[in-house]
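Engineer:
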Amino acid sequence: MSFLSIITYTGIFVFALTGAFKARAHKMDVFGGLVVAFATAYGGGTLRDLLIGIRPVNWINDRFALLLVISGAIVSFLLKNNENRFKRTIFFTDAIGLGMFTAAGIEVALRYGVNDMYALIMGVITATFGGLIADIFCNQVPNLFKKGELYATVCAIGGGVYLLLKNTNLDNDIALAICIILVVALRIYSKRKRLTLPEI
Amino acid sequence: MSFLSIITYTGIFVFALTGAFKARAHKMDVFGGLVVAFATAYGGGTLRDLLIGIRPVNWINDRFALLLVISGAIVSFLLKNNENRFKRTIFFTDAIGLGMFTAAGIEVALRYGVNDMYALIMGVITATFGGLIADIFCNQVPNLFKKGELYATVCAIGGGVYLLLKNTNLDNDIALAICIILVVALRIYSKRKRLTLPEI
Amino acid sequence: MSFLSIITYTGIFVFALTGAFKARAHKMDVFGGLVVAFATAYGGGTLRDLLIGIRPVNWINDRFALLLVISGAIVSFLLKNNENRFKRTIFFTDAIGLGMFTAAGIEVALRYGVNDMYALIMGVITATFGGLIADIFCNQVPNLFKKGELYATVCAIGGGVYLLLKNTNLDNDIALAICIILVVALRIYSKRKRLTLPEI
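So, in structure tokens, the structure goes:
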């Protein structure tokens, strides 16, 4: 398994965990929890695949995907009473997942002939729209759109830098690492400084 | 028209009826009612088709589909003052539709090269996500996810048994009938015993 | 650029403007505003493309699309304190967009082998489902479904007349103009007379 796959699957696991926590906050049952976990982890990539026209969507027939989502739900179940203690860990792993998904989304889009501008958009969609779909399932205004933290913006910056680095002679794995580190750093910095986008 | 088609269209009609009732409960107008009825009846199959990559989706150009949904809406209109008297009938026909859609969804998925595990998931999506989309249109947390009745679980069990029976020498129509009977029986049993999934 | 393209892009711009206003009413940040503007402008056409099976969806790689949506958001920002003064203008341009999108949606559907009945449905979806998706993002019951103004109905009538005219010897641009004028006239008339569909 390549370095890329390892990080992708780590991101899937973390996003599934986040989704399961969200489902519990909305008092869903186990089935609802699994669907919200799956949607959080795979929703963004699914929308990207549908828009670009990749068929079937990437996770069809991927048994490992299902296993990861179920594991994420189980782990969230085991952490039931320690959620707050793990919040910092989840913030951190979520940021890593964010950077990874942005880069992975860009890669997939470029491979299917999408231009740079829209590949960046597809990267941001891959990273952030899973949470949006989960929010719609939970019947709340997507966090993504509300004035709050920098989330999609951070992905857009990380993805933009990744695209720039790809046009240099830099090794792709290094560009990937820089993208992830940048996203994590920006997430931490913006959270600490309480940076937000202005309201429209 | 085959036995399979007859039951499928019966399921469509019943789901359209359920959707129209839901739209009325949310005080929608006639157009909204038709869209919610259509979404309830065809939403699950549409999502399955999109995910697997069947194009165009199954109902495009199917005039009969439209006729059925409109009939469902009209019948719901005629039953306006007798809704409660028909609730038991609707529960029963809805359960039949559920079993049928699960099996039909599995069949379609298998035909397009989806493996057993994901064919089962596609079956459950076909049977249950129409109601989910209708709930999103009505701006409520999907019933499907809330602790309440066994709904998706029942489809998963019925679909699992159907997949097992398909690997035996049993005639396919008999396997289909067993799947439907099982789903109906489990729905009735779980409702009577107030069985639920635990919260996540 | 053809007459058709000019009107289409005008419609996109107007719908993006409407979307940005809606996002502001829900106190979203700039990113949320752009996404809701984009969804309002392109959501209907995107759903049509997905259902018919056009891939990638129409706006992928269209830099001009992005520019228009961003312009719409900026203009909405500049009109911040004059929103009410522009409401009449927006109602009018929105009606033009509605007529145009209906006809354009029908054209695209017919070109991909969809029959008349479903081409009309695709036209109505193209014109109205962008606003619906934006409403879902804003977590409100879609205006489209609530008893209120005639909106989808007006598109259906305009689109139906357009389809009839296409079967005559009439020049297509004239049929298009009649469709748009009809939709605008019906929108104004129904608004003034407070016409509504009955509840289901």
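First to last, the sequence lines map onto chains G, X and L.
Heads up: the first sequence begins at 0 in numbering that gives the first Met the number 0, then just goes up one per residue.
Heads up: the second sequence begins at 0 in numbering that gives the first Met the number 0, then just goes up one per residue.
Heads up: the third sequence begins at 0 in numbering that gives the first Met the number 0, then just goes up one per residue.
Idealized CB from N, CA, C, for every residue including glycine.
Since this is a predicted model, take the numbers as computed values, not measurements.
Measuring CB atoms only, is the segment 134–149 of chain X touching the segment 130–142 of chain G, in the sense that at least three cross pairs come out at less than 8 Å?
Structural biologist: yes
Engineer: Is DSSP giving E106 of chain G helix, strand or coil here?
Structural biologist: Taken through DSSP and simplified to helix, strand or coil, E106 of chain G comes out as helix.
Engineer: Please report the straight-line C-alpha distance between I132 of chain X and P55 of chain X, rounded to a whole angstrom.
Structural biologist: 19 Å
Engineer: In angstroms with no decimal places, state the Cα-to-Cα distance between A118 of chain L and I53 of chain G.
Structural biologist: 25 Å
Engineer: Once DSSP output is grouped into helix, strand and coil, what is the label at K146 of chain G?
Structural biologist: Coil.
Engineer: In chain order, what residues of the same chain have a beta carbon less than 6 Å from the beta carbon of G10 of chain X, not counting five sequence neighbours either side?
Structural biologist: G96, M99 and F100
Engineer: M27 of chain G bridges to which residues according to DSSP?
Structural biologist: X:K145
Engineer: Going straight from the alpha carbon of L49 of chain X to that of R84 of chain X, what length do you get?
Structural biologist: Cα to Cα, the separation comes out at about 37 Å.
Engineer: Tell me whether the beta-carbon of V160 of chain L lies closer than 9 Å to the beta-carbon of L194 of chain L.
Structural biologist: no
Engineer: With a threshold of 9 Å between beta-carbons, can I59 of chain G be considered close to chain L, or not?
Structural biologist: no
Engineer: Please return the same chain residues whose Cβ sits closer than 7 Å to the Cβ of I202 of chain X, not counting the five positions on each side in sequence.
Structural biologist: Absent from the model: residue 202 of chain X. The displayed extent of chain X is 0 to 199, so no value can be given.
Engineer: Do R62 of chain X and N114 of chain L have their C-beta atoms closer together than 9 Å?
Structural biologist: yes
Engineer: Contact defined as beta carbons within less than 8 Å: I believe Y32 of chain G pairs with K145 of chain X. What is the distance between those atoms, to the nearest angstrom?
Structural biologist: The residue you asked about is not Tyr; residue 32 of chain G is Gly in the sequence shown. 11 Å between Cβ atoms; not a contact.
Engineer: Could you check whether F14 of chain X and T39 of chain X sit closer than 9 Å to each other, using their CB atoms as the reference points?
Structural biologist: yes
Engineer: Taking 9 Å as the CB-CB cut-off, is A19 of chain L touching chain G?
Structural biologist: yes
Engineer: Does the contact criterion of 3 or more C-beta pairs under 8 Å hold for the segment 14–27 of chain G versus the segment 66–77 of chain G?
Structural biologist: Touching, per the Cβ criterion.
Engineer: Does the beta-carbon distance from G44 of chain X to V107 of chain X come in below 9 Å?
Structural biologist: yes
Engineer: Round the Cβ separation of I59 of chain G and I51 of chain X to the nearest angstrom and send it over; I've been treating them as touching at under 8 Å.
Structural biologist: Between I59 of chain G and I51 of chain X, the beta carbon gap of about 7 Å places them in contact (Cβ cut-off 8 Å).
Engineer: Where does A36 of chain X land, buried or exposed, given buried means 16+ other C-beta within 10 angstroms?
Structural biologist: buried
Engineer: Taking K192 of chain G as part of the alpha helix (DSSP H), name the residues at either end of that continuous run.
Structural biologist: Unbroken run through K192 of chain G: none, as it is neither H nor E.
Engineer: For A65 of chain G, go through chain X and note every residue whose CB falls closer than 9 Å to its CB, in chain order.
Structural biologist: At residue 65 of chain G the sequence reads Leu, which differs from the Ala that was named. Near L65 of chain G (Cβ distances below 9 Å), the residues of chain X are M116, Y117 and I120.
Engineer: Locate the alpha helix (DSSP H) running through I156 of chain X, then write down its first and last residues.
Structural biologist: A151 to K165
Engineer: Compute the minimum distance between the beta carbon of I89 of chain L and the heavy atoms of the ligand NAD, and state whether it is under 8 Å.
Structural biologist: Absence of the ligand NAD is noted for the structure shown, with no ligands found whatsoever.
Engineer: Please report the distance separating the alpha-carbon of L67 of chain X from that of S70 of chain L.
Structural biologist: 44 Å
Engineer: Within a Cβ cutoff of 6 Å, which residues of the same chain sit near V153 of chain X, ignoring the five residues on either side of it in sequence?
Structural biologist: V182, L185 and R186
Engineer: Near L196 of chain G, which residues of its chain fall below 8 Å by C-beta distance, leaving aside the five closest residues on each side in sequence?
Structural biologist: K146, L149 and T152
Engineer: Going along the chain, which residues of its own chain have a beta-carbon closer than 6 Å to the beta-carbon of T125 of chain L, five neighbours each way excluded?
Structural biologist: G43, G44, R47, F100 and G104
Engineer: When you compare the CB of V140 of chain L with every CB in chain X, is at least one pair closer than 9 Å?
Structural biologist: yes
Engineer: With a threshold of 6 Å on Cβ separation, who are the neighbours of G122 of chain L within its own chain once the five nearest residues in sequence on each side are excluded?
Structural biologist: T101, G104, I105 and G158
Engineer: Quick one: which chain L residues come within Cβ less than 7 Å of G52 of chain G?
Structural biologist: Neighbours of G52 of chain G on chain L, chain order: R54 and P55.
Engineer: So, is D28 of chain G buried or exposed, given that buried needs 16 or more other C-beta atoms within 10 angstroms?
Structural biologist: buried
Engineer: With C-beta atoms as the reference, is I173 of chain X less than 9 Å away from L164 of chain X?
Structural biologist: For the 9 Å CB-CB criterion, I173 of chain X and L164 of chain X form a contact.
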